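Per our numbering, the very first residue in the sequence shown carries number 681; after that it's consecutive.
Yeah, the Cβ is synthetic: ideal placement off N, Cα and C, and Gly gets one too.
In this text the structure is predicted, and so the values were computed from the model without any measurement.
The block underneath contains the structure these notes are about, expressed in structure tokens.
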Amino acid sequence: MTLTGHCLCKAVTYTVDVDAPLLTGYDHCDDCQRQSGSTYSLVCVVPKDKLTINGPIKKYEGKGSSGKSVWRLFCSECGSPIAHDPDAAPEIIALKGGSLDSDIKKTLKPDTEIWTVGKLPFCQENLAHPFEHMPQ
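Put into structure tokens, the structure is as follows:
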């Protein structure tokens with residue numbers, strides 16, 4: 681099975697040549713809250729070398745807690761967030777779960793929370809594997 685997704689206007693599409701994400705979870709970091717406009721971002725971590733993106737992508741460079749760049753990829757037409765790409769972990773990329781095709785995202789089973797240090801107090805109870813920051 682291949683994972684597929686797109687932005688809101690469908691100008692950006694992507695495929696990931698894997699059966700399932702390496703990790704699916706809630707990212708509570710402040711940057712993800714701001715990018716998503718919500719309390720957290722649902723992320724699906726996949727091997728970066730298995731991802732193919734087509735369409736007009738723009739990148740915004742922020743800094744992670746490692747001091748290294750975190751690249752936020754989004755559609756240059758509609759602004760939909762597609763992924764964040766941390767230089768501290770060059771082998772992976774975190775797709776925004778909401779950008780996956782509907783039939784795929786309905787099957788996701790988030791089981792991890794990261795950056796719980798930024799978790800807002802009114803959010804749901806912990807999932808099975810909470811990490812205060814990224815797993816070490």
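Sequence-distant partners of Val696 (beyond 5 residues in either direction) whose C-beta falls short of 6 angstroms from its own C-beta, in its chain, are Leu683, Val726, Lys730, Leu731. Leu800 is not a Cβ neighbour of Cys724, given a cutoff of 8 angstroms. Under DSSP, Phe754 shares a beta bridge with Lys738, Pro761.
Taking 8 angstroms as the upper bound for CB-CB distance, Gly742 and Asp711 are in contact here, some 6 angstroms apart. For Asp711, the enclosing alpha helix (DSSP H) starts and ends at 710-716.
Taking Lys728 as the centre and dropping the five residues before and after it, the same chain places the C-beta of Asp765, Pro770, Glu771, Ile772, Ile773 closer than 8 angstroms to its C-beta, in chain order. A direct Cα-Cα distance of roughly 16 angstroms separates Asp767 from His813. In the assembly as shown, Ser721 is a buried residue. Its beta-carbon has 16 or more other beta-carbons within 10 Å. Taking C-beta atoms under 8 angstroms as the contact rule, Phe811 and Thr796 qualify, at a distance of about 7 angstroms. Nearest Cα to Gly685 within the set Ser749, Gly777, Thr792: Gly777. By the CB criterion at 8 angstroms, Gly735 and Val692 fall inside the cutoff.
For Asp707, the enclosing beta strand (DSSP E) starts and ends at 703-707.
Check the Cα spacing between Asp781 and each of Ile762, Thr792, Gly798: the tightest is with Ile762.
An exposed status is given to Tyr740, since fewer than 16 other beta-carbon atoms sit within 10 Å of its beta-carbon.
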